[in-house]
Amino acid sequence: MTKFRINSIIFISAIAVIFGCNLFYLVKLYGSIRKDVEREVMTAMADADIDDLMFRAGRAQGLTSNVQMQEDSTTHTPPKKAEATTYRDDNGQLISVRTEVDGSVVEEVAMLSENRTYSNQMVDAMSRQFHVIMDKYIPYDMEVMDSVLSNQLANRFIYPDFLCVEVVNRNDSVIYRNENFKGESGLDSFRININPNDGIYYKAYMTPLTRHILSQMLGVIITVFLLMVAFAAAFLYLFHTVSKLRTIEEMKDDFVSNMTHELKTPIAIAYSANDALLNYDITNDPDKRTAYLSIALKQLKRLGELVENILAMSMERRKTMTLKPEKIKLPELIGDIAEAQRMRGEKDIDIEIDTTDDIEVTADKYHLTNVINNLIDNAIKYSGESVSIRISIDTESIGITDNGIGIPSKNLPFIFDKFYRVPHGNRQDIRGYGIGLYYVRHILDKMGWDISVKSQEGLGSTFTIKFCNHE
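Per the numbering used here, residue 11 is the first one in the sequence shown, and the count goes up by one each step.
Structure follows, in structure tokens:
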């Protein structure tokens, strides 16, 4: 039991390690993909800002044209315009020059960063210049910004169910409210600075990106899941195989130990009986001589039974083993077997046969005799001092019922396994080597027959042999 627990702990630990490693990998992958997606969203917001500036520039151009037409019709004086330019000087500096409507000129100088492409920095500087100029005169249109941002996200295969943009300051206080936003919670939010001078930001609210990220990870998740299932199945198969091999090894060791003891006992008894016959003057005592010879004969018979079982087990391993089927009258065969078993003498044995005289089967007589003898032997061995056995025979089956100690339900699935013995605590009066029922099952399989067992601990057992191929 301890070894089984150790094996179970090892198996569970291995599965836990595999699961933990895969979970760690998926979490790392999720974090990496999320960063990429968030970067895509920020890029989409920057591009959407430029698109929005283009729409607002168009509106500004329209307003300028209207003002110019009105001025031309009255004073013919050109209107004042705000202008902005951005360029890079010889020293690698980014120069932004802005001319306000009142004629004042503002110049800003910044070094270009080598960590970003110059073109992106130029675009950022120009868009900020546009914001400084237009934000004073052209109001924001949140519906336009929602639309262009949605298009930019769609170009990157990101489709949030809900999306809206608001204009906020450094403290997240709303400057331009979006009527579509009702203060929903649980949304992802992103900020992009559009006017550093005044600390103005676009803040986008959208449904969480988890679904989009998981959709990108779907192939990996399925692959990892299948690998985990494959690893678990492989470990389970390995665990089962190793446990089975270890169990067989332990049962084999028990078999060798039991068989050695079983062989040594009759040899020692027969040796002692023969030693007494040879070395003590008992030739004139017929009763003692008969008793010693009977003891020796009984033990030699016991040795013969052990050898027969060992030979039967070795024959089972030969793939070329063949049966010699013949017509057998079951009542006659089982009657002879029952008569021989009643004469054993070590217990009070009562064997009752319930049958009719005309039941006949085709089987190997030698091996079928061994099968019946094995089942009756077990019924006698695992019973008390008074043994009651009932053998019922019909055209479909043979049933052997005893009044023995029974078999615990947890042990029933294993009683036909090689070398398996049902534990009986510290009882030493029940000996065996775990191949009798294995031999029974093997021979019946060879015949194409089947065997089943019903047992209740303390109330006896019933073994039923079914003639599956009986004509």
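Where a beta carbon is used, it is the ideal one built from N, C-alpha and C, also for glycine. None of these values were measured; they are calculated from a predicted model.
C-alpha distance - residue i paired with residue j, whole-angstrom precision
i: arginine 201; j: leucine 33; result: 31 angstroms
i: phenylalanine 29; j: alanine 244; result: 14 angstroms
i: aspartate 439; j: serine 462; result: Confidence is the limiting factor: at aspartate 439 the pLDDT is only 49, short of 50, which leaves the residue's position unreliable and the question unanswerable from this model.
i: threonine 474; j: arginine 299; result: 44 angstroms
i: leucine 307; j: serine 282; result: 12 angstroms
i: asparagine 436; j: valine 450; result: Note on asparagine 436: pLDDT 46, under 50, position unreliable in the model; the coordinate value appears next. Rounded to whole angstroms, asparagine 436 to valine 450 spans 27 angstroms at the Cα level.
i: methionine 216; j: valine 47; result: 13 angstroms
i: valine 178; j: aspartate 59; result: 14 angstroms
i: methionine 238; j: cysteine 31; result: 10 angstroms
i: serine 23; j: glycine 409; result: 47 angstroms
i: serine 407; j: aspartate 460; result: 9 angstroms
i: serine 3; j: serine 225; result: Coverage of the chain is limited to positions 11 through 481, which leaves residue 3 absent and any answer about it impossible.
i: tyrosine 186; j: serine 42; result: 33 angstroms
i: asparagine 289; j: alanine 373; result: 49 angstroms
i: tyrosine 448; j: leucine 385; result: 11 angstroms
i: phenylalanine 424; j: leucine 39; result: 47 angstroms
i: phenylalanine 140; j: alanine 67; result: 9 angstroms
i: glutamate 50; j: phenylalanine 191; result: 23 angstroms
i: valine 234; j: serine 157; result: 38 angstroms
i: lysine 146; j: aspartate 208; result: 11 angstroms
i: lysine 262; j: proline 276; result: 22 angstroms
i: glutamate 349; j: asparagine 383; result: 11 angstroms
i: aspartate 297; j: glutamate 259; result: 47 angstroms
i: lysine 213; j: isoleucine 148; result: 19 angstroms
i: serine 396; j: aspartate 387; result: 14 angstroms
i: aspartate 489; j: asparagine 205; result: For residue 489 there is no data in the structure shown, the boundaries of the chain being 11 and 481.
i: leucine 219; j: serine 199; result: 10 angstroms
i: aspartate 182; j: methionine 227; result: 33 angstroms
i: leucine 197; j: valine 27; result: 35 angstroms
i: threonine 472; j: alanine 240; result: 42 angstroms
Environment of residue i [buried if 16+ CB atoms lie within 10 Å]
i: asparagine 188; result: buried
i: phenylalanine 172; result: exposed
i: glutamate 153; result: exposed
i: glycine 229; result: exposed
i: glycine 446; result: buried
i: cysteine 174; result: buried
i: methionine 457; result: buried
i: aspartate 358; result: exposed
i: lysine 45; result: exposed
i: histidine 250; result: exposed
i: isoleucine 210; result: buried
i: lysine 420; result: exposed
i: valine 252; result: exposed
i: proline 170; result: buried
i: valine 317; result: exposed
Cβ distance (whole Å) where residue i is taken to contact residue j below 8 angstroms
i: threonine 411; j: glycine 470; result: 7 angstroms
i: glycine 416; j: glutamate 467; result: 4 angstroms
i: threonine 365; j: proline 341; result: 5 angstroms
i: arginine 36; j: isoleucine 231; result: It should be noted that the sequence gives leucine, not arginine, for residue 36. Yes, they are in contact, since the Cβ atoms of leucine 36 and isoleucine 231 sit about 7 angstroms apart, within 8 angstroms.
i: arginine 166; j: alanine 54; result: 6 angstroms
i: isoleucine 399; j: isoleucine 361; result: 5 angstroms
i: isoleucine 369; j: isoleucine 347; result: Their Cβ separation, rounded to whole angstroms, is 15 angstroms, which puts isoleucine 369 and isoleucine 347 out of contact at 8 angstroms.
i: leucine 333; j: histidine 377; result: 6 angstroms
i: alanine 278; j: leucine 310; result: Not really, about 13 angstroms apart at Cβ, beyond 8 angstroms.
i: valine 371; j: isoleucine 453; result: No, valine 371 and isoleucine 453 are not in contact; Cβ-Cβ is about 14 angstroms, not under 8 angstroms.
i: serine 137; j: leucine 63; result: 6 angstroms
i: lysine 375; j: isoleucine 401; result: About 17 angstroms; that fails the 8 angstroms criterion.
i: alanine 164; j: isoleucine 25; result: That pair is no contact at about 42 angstroms.
i: tyrosine 302; j: leucine 287; result: 5 angstroms
One or two residues paired with residue i in a DSSP bridge
i: glutamate 362; result: Arg400
i: isoleucine 461; result: Ile475
i: lysine 339; result: Glu370
i: glutamine 466; result: Gly470
Run of the beta strand (DSSP E) containing residue i, from where it starts to where it stops
i: leucine 333; result: Taken as a continuous stretch (DSSP letters only), leucine 333 belongs to no beta strand (DSSP E), as it is neither H nor E.
i: valine 371; result: 370-374
i: arginine 201; result: 198-205
i: isoleucine 210; result: 210-216
i: serine 407; result: 407-412
i: asparagine 179; result: 173-179
i: isoleucine 185; result: 184-186
Bounding residues of the alpha helix (DSSP H) (the contiguous stretch that carries residue i)
i: glycine 470; result: No alpha helix (DSSP H) holds glycine 470; the beta strand (DSSP E) holding it covers 470-476.
i: valine 154; result: 152-165
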